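Numbering (this note's numbering), first residue to last: 214 to 557.
Glycine included, each C-beta is placed from N, C-alpha and C at the ideal position.
Please read these numbers as outputs of a predicted model, since none were measured by experiment.
Encoded as structure tokens, the structure appears first; notes follow it.
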Ligand SMILES: *Cc1c(COP(=O)(O)O)cnc(C)c1O
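Next comes the structure, spelled out in structure tokens:
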């Protein structure tokens with residue numbers, strides 16, 4: 214991989230902002246270098262811009278080097294940084310495979326970066342040949358969400374391997390839902406592919422969407438460049454502390470995931486046998502996509518009963534589809550109760 218062809222040239226040369234914490238790294242008694250307020254209240258000091266403690270814990274959990282990790286204000290910030298790192302406005306493009314997570318397109322649109330769509334096939338698999346035919350030297354990022362939102366499926370390993378070998382830019386595998394899945398993460402393949410970028414998040418399985426902490430894993434050269442362009446203090450002290458605590462109680466994670474997965478399987482079975490549901494798609498994530506005859510009416514009726522789901526019926530290959538997140542057992546009982554009442 215030649216990063217000079219992928220990264221915008223002025224960013225290769227960029228001299229990054231150097232924070233007070235970068236200029237002086239030792240220990241001291243009196244800190245008067247950052248114009249902070251000296252009166253202690255727990256938050257009067259700037260957070261660690263490099264999130265060292267947090268990265269150490271993550272590197273042990275994920276079995277990657279700290280130099281392969283970038284932490285962001287949600288993985289949404291990682292998406293934005295990747296686009297700004299690689300794509301020149303009005304010149305370069307990203308490639309997405311709809312139906313998929315909507316933010317890739319919006320983040321590119323904000324930068325006036327072109328979005329090329331190569332839809333999934335109707336069975337929700339990757340159109341690898343279709344993708345290959347649109348690759349050009351302007352194609353900088355290929356976003357693959359696996360397990361995919363909103364379809365819930367995980368893409369074939371050999372399809373993604375083929376794309377990693379043939380795509381001229383960075384292949385970004387967004388694994389926001391990987392913890393719910395029994396499929397293997399692409400993290401273990403990082404050292405094999407220089408152009409592989411893996412995104413994960415604390416927002417879904419870890420239950421910390423409010424903290425806004427996302428993870429980007431890639432080879433250290435890419436991470437170094439992303440670090441140059443990230444806002445210096447992009448993760449607050451509160452968010453860093455909250456995630457550090459969650460990582461210390463990682464056993465809770467497995468219990469949580471097991472409960473969500475078992476409620477998902479139960480809802481899958483139930484919906485599959487319901488006369489008003491035409492199809493339920495298998496899901497490796499914490500949501501189900503299902504098809505019904507009159508999605509707009511069903512959506513509206515559910516909202517009127519106080520149950521809000523996501524109407525995805527206008528997305529490619531998603532005619533009639535609603536997406537429902539898996540909630541608590543009580544919430545799922547209410548959902549099933551609502552569907553039971555439809556039978557009458
Ligand atoms: C929810 C979601 C995210 C958002 O992650 P944050 O870390 O909360 O910003 C990213 N990608 C996909 C596919 C998602 O569904």
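| Query | Result |
| --- | --- |
| I need the DSSP call for residue 368, collapsed to helix, strand or coil. | coil |
| Please go through the region 323 to 373 and give each complete beta strand (DSSP E) segment of 3 or more residues, from N-terminal end onward. | 327 to 330, 352 to 358 |
| Along the alpha helix (DSSP H) that carries residue 458, what are the first and last residues, could you check? | 450 to 461 |
| Is it buried or exposed, residue 390, if we count other Cβ atoms within 10 angstroms and call 16 or more buried? | buried |
| Take the Cβ of residue 246 as the centre, count every other Cβ of all protein chains shown within 10 Å, and call the residue buried at 16 or more, exposed below. | exposed |
| Just the Cα atoms here: how many angstroms apart are residue 519 and residue 349? | 48 angstroms |
| Is it true that the CB of residue 286 sits closer than 9 angstroms to the CB of residue 454? | no |
| Going by alpha carbons, who is nearest to residue 446 out of 405, 264, 407? | 264 |
| In angstroms with no decimal places, state the Cα-to-Cα distance between residue 259 and residue 318. | 33 angstroms |
| Which same chain residues, not among the five before or five after residue 473, have their C-beta less than 6 angstroms away from its C-beta? | 499, 539 |
| Excluding the 5 residues preceding and the 5 following residue 413 in the sequence, name in chain order all residues of the same chain whose CB lies nearer than 6 angstroms to its CB. | 388, 428 |
| Which of the three DSSP states is assigned to residue 410 in this structure? | strand |
| Rounded C-beta distance between residue 221 and residue 283? I'm assuming under 8 angstroms. | Incorrect: roughly 17 angstroms between the Cβ atoms, too far for contact. |
| Helix, strand or coil: which one does DSSP assign to residue 402? | helix |
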